[in-house]
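Novice: If you read the sequences in order, they're chains A and B. Our numbering numbers the first residue of the first sequence as 84 and each following residue consecutively. Our numbering numbers the first residue of the second sequence as 86 and each following residue consecutively.
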Amino acid sequence: MTGLAAWPPPVSRWFAAVELQLRPLPEAYRDDVLTGLREHIIDQFDAGVGAEAILVGLGEPQQVAADAFEQYRQEAGDDTTSGHPGAKTVLQWAAFLLAVAAVGATLFLPGYSEVTTTGDGGTVSVTTRTLLDTMGPAAVVLMLIPLALTGIPLLVRDRSRRPLSIGLTALLAVFAVLTSASVGWFFLPAALAAIVAMVVPDRRDAPLRRG
Amino acid sequence: MDTPGDRITTNLRKGVLEYCVLALIQRGPWYGLDLAKKLGSLSLIASEGTVYPMLARLRDTGLVTTEWVEGPSGRQRRYYRLTEAGGAQLATFRTAWAAVRDTVDELLDEEAP
């Protein structure tokens with residue numbers, strides 16, 4: 084009884100419940116845990132153990148998931164605990180959303196004005212233009228930069244998240260400074276939120292255990 | 086309902102479980118089911134499913150390694166083996182455990198004034 088589809092429904096449901104609860108964890112770690120559980124179940128079926136006894140022995144899916152989060156937290160000092168985001172993640176989301184708002188304001192709010200006069204110096208007209216009007220598609224490409232700098236840390240969940248956040252936050256600050264003559268000020272709130280997210284301590288301060 | 090004794094025992098077991106796993110694996114390669122059954126028989130774990138998150142962490146941190154070996158039924162089984170780093174970690178624990186155990190035993194043996 085090797086395949087998931089061949090398992091009795093209660094066992095399949097148990098495994099699916101664990102799989103669902105482990106989704107916030109990094110893929111490699113999650114797959115490792117699920118592989119162990121899958122092999123355990125298959126070995127038990129091979130030994131002639133019934134579905135009910137297997138499930139009683141394994142324990143509740145919620146407990147297995149809680150243990151998985153606890154073990155991963157010990158390893159990574161991560162704020163991924165039981166699916167509840169910590170301050171670090173909340174602040175990084177705030178930085179990303181502030182960057183989205185800044186991009187919207189930058190692209191679509193009138194930021195440039197053009198004054199035209201007739202040849203005899205008579206009629207004067209003032210035309211306002213947005214960054215998108217002025218730069219065209221290049222403006223969109225430019226605005227992808229702050230979105231990437233604030234969004235990428237949200238996608239990374241393993242131990243590389245911290246050094247990556249530091250590097251990307253520094254680049255965001257540089258971006259805000261370099262463009263301060265025009266749009267940089269719009270991104271200052273996002274940069275500040277990213278800096279605070281970077282310095283907020285992890286929930287566990289214990290260093291990674293390395294053998 | 087958990088008694089105070091149950092809670093104390095649970096917390097003590099949680100603190101040493103990882104090192105008990107390393108000590109078992111030090112004796113030779115184990116595969117997951119056998120390890121879970123052994124730990125359960127020693128009452129070191131409440132449910133077998135909780136072993137696999139710990140094994141994943143031990144592997145991730147380089148304290149154990151795994152290899153797929155063909156089992157009696159012809160199906161591949163994943164065996165856990167101690168690494169050099171895991172051996173060093175276990176040795177460190179042995180020293181720390183001896184010191185803590187002796188201190189606690191001494192305190193518990195002292196008569197109250």
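C-beta: ideal position from N, C-alpha, C; glycine also. Everything numeric in this text was worked out from a predicted model, so none of it was measured.
1. Report yes if the C-beta distance between residue 199/A and residue 210/A is below 9 Å; otherwise report no.
2. For chain B, is any of its Cβ atoms less than 9 Å away from the one on residue 294/A?
3. Suppose contacts are defined by Cβ-Cβ distances below 9 Å. Is residue 154/A in contact with residue 138/B by that definition?
4. Helix, strand or coil for residue 197/A? Go by DSSP, reduced to three states.
5. Do you know whose CA, among 145/B, 140/B, 132/B, lies nearest residue 137/A's CA?
6. At the 9 Å Cβ level, is residue 110/A part of the contact set with chain B, yes or no?
7. Anything in chain B within Cβ reach of residue 154/A, meaning under 8 Å, just list it in chain order.
8. Flag this pair as yes or no: are the beta carbons of residue 134/B and residue 149/B separated by less than 9 Å?
9. Alpha carbon to alpha carbon, how far is residue 155/B from residue 123/A? Give it in angstroms, no decimals.
10. Expressed to the nearest angstrom, what Euclidean distance is found between the alpha-carbon atoms of residue 97/B and residue 88/B?
11. If we cut at 9 Å on Cβ distances, does residue 101/A have a partner in chain B?
12. Given that a residue counts as buried once 16 or more other Cβ atoms are within 10 Å of its Cβ, and exposed if not, what is residue 109/A?
13. Among residues of its own chain, excluding the 5 on either side of residue 257/A, which ones have a beta-carbon nearer than 7 Å to its beta-carbon?
14. Of all the CB atoms in chain B, is at least one closer than 9 Å to the CB of residue 162/A?
15. Considering just the uninterrupted stretch of the beta strand (DSSP E) at residue 162/B, what are its terminal residues?
16. Under 7 Å Cβ to Cβ from residue 113/B, same chain only, skipping five residues before and after it: list those, please.
Specialist: The short version:
1. If you number the first sequence from 1, residue 199/A lands on position 116. If you number the first sequence from 1, residue 210/A lands on position 127. Cβ atoms of residue 199/A and residue 210/A: closer than 9 Å.
2. Looking up residue 294/A in the first sequence gives position 211. Annotation note: pLDDT 27 at residue 294/A (below 50); position unreliable, coordinate value reported separately. The beta-carbon of residue 294/A is placed less than 9 Å from the nearest beta-carbon of chain B.
3. The residue labelled residue 154/A in the question sits at position 71 within the first sequence. The residue labelled residue 138/B in the question sits at position 53 within the second sequence. Between residue 154/A and residue 138/B, the C-beta spacing is below 9 Å.
4. Taking the first sequence and counting its residues from 1, the one referred to as residue 197/A is at position 114. Correct three-state label for residue 197/A: strand.
5. Residue numbering aside, residue 137/A sits at position 54 when the first sequence is read from its first letter. Nearest C-alpha to residue 137/A: 132/B.
6. Here the question's residue 110/A lines up with position 27 in the first sequence. No, its Cβ sits nowhere closer than 9 Å to a Cβ of chain B.
7. Taking the first sequence and counting its residues from 1, the one referred to as residue 154/A is at position 71. Residues of chain B passing the Cβ test: 138, 139, 141, 142.
8. For the purposes of this step, residue 134/B is identified with residue 49 of the second sequence, where counting begins at 1. For the purposes of this step, residue 149/B is identified with residue 64 of the second sequence, where counting begins at 1. Against a cut-off of 9 Å, the Cβ pair of residue 149/B and residue 134/B comes out as no contact.
9. Position 40 of the first sequence, counted from the first residue, corresponds to residue 123/A. Position 70 of the second sequence, counted from the first residue, corresponds to residue 155/B. Approximately 15 Å, taken between the alpha carbons.
10. As a position in the second sequence, residue 97/B is number 12, starting the count at 1. As a position in the second sequence, residue 88/B is number 3, starting the count at 1. When only Cα atoms are considered, residue 97/B and residue 88/B end up about 14 Å apart.
11. Against the first sequence, residue 101/A aligns to sequence position 18. At a cut-off of 9 Å, the C-beta of residue 101/A has a neighbouring C-beta in chain B.
12. For the purposes of this step, residue 109/A is taken as the residue at position 26 of the first sequence. Residue 109/A is buried by the Cβ-count criterion.
13. Counted from its first residue, the first sequence places residue 257/A at position 174. If we look at residue 257/A and ignore the five residues flanking it on each side, it has no Cβ neighbours.
14. The residue you call residue 162/A lines up with position 79 of the first sequence. Legend: pLDDT at residue 162/A = 47, less than 50; position of this residue unreliable, no value from coordinates given.
15. Taking the second sequence and counting its residues from 1, the one referred to as residue 162/B is at position 77. Unbroken beta strand (DSSP E) run through residue 162/B: 161-167.
16. For the purposes of this step, residue 113/B is identified with residue 28 of the second sequence, where counting begins at 1. Around residue 113/B: no qualifying Cβ.
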